[in-house]
Amino acid sequence: MGKGKRAHTISSAPAITSLVSIPRRASGDLVFSLAPSNFLTRPSSLQPPPPLLPLKPPRTLRWTPHTQPKHTYDELEHKLESAPLVTLVLTYLNWFILILLGHLRDFSGKTFKRGEYRHLQVNEGYAPLVSDFDSFYTRRLYMRIRDCWNRPITGVASRTVHLLHRSTQDYNKTFQLNGQVSECLNFASYNYLGFAQNTGPCADAVEKETMERGLISSSPRAEAGSLDIHIQLERLVAEFVGKEAAMVISMGFATNSTTIPALVGKGCLIISDELNHSSIVFGARLSGASVRVFKHNNMQDLHDVLRESISQGQPRIHRPWKKILVVVEGLYSMEGTIANLPALLKLKDQFKFYLYVDEAHSIGAIGEHGGGVCDLYGVDPARVDILMGTFTKSFGAAGGYIAASKNVIDHLKLHNHAYVYAEPISIPVAQQVLTSMTIVCEQEGRWRIQKLLDNSSYFALRLREMGFIVYGDKGSPVIPLLLFNPAKIAAFSRGLLRRGVAVCVVGYPATSIISSRARFCLSASHTKEDIVTNTRVCMYKYGIDQALEIISSVGEKLLLKYH
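Once you know that position 525 of the sequence shown is 525 in the UniProt record's numbering, the rest is easy, because the numbers rise by one and skip nothing.
Below you can see the structure in the form of structure tokens.
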């Protein structure tokens, strides 16, 4: 591979030096018992909160990857079925009709109703602030089914969620609350381990800490905003994920979008999975580095992209890349697929690139100890250069973290804008993460992780048995059910909501135009049989089995069962 050696010189210095050398550029959710049998079957009485961690986390918190049973990528039973040909044709036809009708309405409106369309035309020398082309999708396609998103809720978004009903008099342009409230089984929130609670040890610890310290430090970390609770949290995160050091940021999206530009810049190459989150895409654009994309979870395509990029070098000048950073997600939130970390590490050893793994959805949710993809595969976290994660999904909080070697973290604390200029994580949120992460490290945390795995596996299996096309790998808490036709997005969402099930529906541009879907997010707080009360003061049994019956009924009416 002579060309590769010419175009991509491997530095003999330690990896970390090269990586940082570039200049600066529920209302009553389940409260789990300490007894496994009670935890797996029913809510239990409150237990006293566990003692808070000392400033230095105990050594037992760190899981040892080499002692855990390894899982292979093939064991995950990947399910990515193609749509029937008839369904694809009808889906494209549906989009064509919607777009055609939208353009006809725009043309007739600009011709005969100029007053109503002034904001889309040049007016008194002013160009339209938002062009008709840029806003076409929002006005003519999204507006038809806008009621399926941004639904207001009240209370705690836990096992169940209270939705506030809305009405509209202008075809979804504006909404008015009508005073009705429905309690629905919640499959729309990322409450993977069931920590979205307003009672229990987490809430008690947060209340105590808030009374003692207040809410915020009113200053960035780089100035006077770094409290001992932030340092304690960073130590715990580093210990939990198995890295030397960590830093925490108050916003999950900003964790990616501000960290990537602090690591790479002009003359560097980012190779990104085609289905990476928009925060990664945004960060890659901000960095100024060249960006190449490889097919989703396709290691052969990544190999080819690496080989070509290294052999050709930088565009036009063909000099060696300063750095190559491969960015993937541990668990992809739209597909439910899990990264092939063992294969990535083999390529890393071969091509000497840096590996950045976004574990926003995988940390806490997969792996025997909730340690994410490294825990799942039994891989030493030291082999991954950058581990990113958020506290929103598994820990019932907000914000994100970056875990790496101490040299990298020290560099990021000087060059990451979200750390240097933004407000740090608030005190209550930091305490929520400390307490919930401590629980995950204990026996109760193992039971929550196992319950999540059981619920996810059971739910996906039953959906497939019913005949639906379901994406996702085995054990993924994110279970996408394919709808394909855009008209079925609203029909499916509204149909489930009328029957007391809240679910997130997704379409273009978050997915391709032919792969609209409903995304079910499972939680350890879900049980096979829960008792909830709806607004009519009638008792209904709602649990996973009852939700599956409702999904089956709605799916059958919409002809979503393809098997």
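For glycine and all other residues, C-beta sits at the position ideal for the given N, C-alpha and C. No experiment lies behind these values; they were computed from the predicted model shown.
With contacts defined as CB atoms closer than 8 Å, Cys202 and Leu497 fail to qualify as a contacting pair.
Relative to the Cα of Ala518, the nearest Cα in the group Ala460, Gly543 and Gly475 belongs to Ala460. DSSP lists Val327 and Ile386 as the bridge partner or partners of Tyr356.
With 16 or more other CB atoms across the displayed protein chains lying within 10 angstroms of its CB, Asp273 is buried. In the DSSP assignment, Asn455 falls within the alpha helix (DSSP H) that extends over Gln443 to Met466. DSSP, reduced to helix, strand and coil, places Glu81 outside both helices and strands of the structure shown, so it counts as coil. Tyr471 carries a coil assignment under DSSP once its states are collapsed to helix, strand and coil. Taking a C-beta distance under 8 Å as the contact criterion, Arg159 and Asn198 do not qualify as a contact pair.
Partner residues in the beta bridge of Arg517, as assigned by DSSP, are Leu482 and Val506. Note on Lys208: under 16 other CB atoms within 10 angstroms of its CB, so exposed under the neighbour-count rule. Here Ala196 really is in contact with Ala157; their C-beta atoms are around 6 Å apart, less than 8 Å. In the three-state DSSP reduction, Ile489 falls in the helix class (H, G or I).
Closest by C-alpha distance to Val420, out of Leu347, Ala502, Val248 and Leu452, is Val248. Judged by DSSP in its simplified three-state form, Met247 adopts strand. Rounded to the nearest whole angstrom, the C-alpha separation of Gln450 and Val373 is 16 Å. For Ser311, the enclosing alpha helix (DSSP H) has its first and last residue at Met299 to Gln312. Of the residues Arg499, Ser405, Ser512 and His361, the one whose Cα lies closest to the Cα of Ser476 is His361. Excluding sequence positions up to five before and after Lys557, its CB lies less than 6 Å from no other CB in the same chain. Contact annotation: Gly370 and Ser394 have beta-carbon atoms nearer than 8 Å. Check the Cα spacing between Thr154 and each of Thr168, Thr174, Ser108 and Val181: the tightest is with Val181. Within the same chain, Val206, Glu209, Thr210 and Leu215 come within 8 Å of Pro428 by CB-CB distance, once the 5 residues on both sides are set aside. Around the beta-carbon of Val130, fewer than 16 other beta-carbon atoms lie within 10 Å, marking it exposed. C-alpha of Tyr142 to C-alpha of Ala422: approximately 33 Å in a straight line. With respect to the 8 Å criterion, Gly109 and Glu116 are classified as neighbours on the basis of their beta carbons. In the pairwise beta carbon analysis, the region 504-518 is classified as not touching the region 429-439: fewer than three pairs are separated by under 8 Å. Under the DSSP assignment, Tyr401 falls in the beta strand (DSSP E) whose first and last residues are Gly400 to Ala404.
For Asn198, the secondary structure class from DSSP, reduced to helix, strand or coil, is coil. In the DSSP assignment, Leu177 falls within the unbroken beta strand (DSSP E) covering Gln176 to Asn186.
Sequence-distant Cβ neighbours of Leu345 in its own chain, meaning closer than 6 Å and more than five residues away, are Arg383. Judged by DSSP secondary structure, Ile260 falls outside any beta strand (DSSP E) and instead within the alpha helix (DSSP H) spanning Gly252 to Leu263.
Judged by beta-carbon spacing, Ile317 lies beyond the 8 Å limit of Ala289, meaning their Cβ atoms are not closer than that value. In the three-state DSSP reduction, Val241 falls in the helix class (H, G or I). Within the model, the alpha-carbon separation for Tyr137 versus Phe282 is close to 21 Å. In this structure, the beta-carbon distance from Leu193 to Val503 does not fall below 8 Å. Under the three-state reduction of DSSP, Asp273 is assigned to strand.
The distance from the Cβ of Leu355 to that of Val326 is about 5 Å, consistent with a contact at the 8 Å cut-off.
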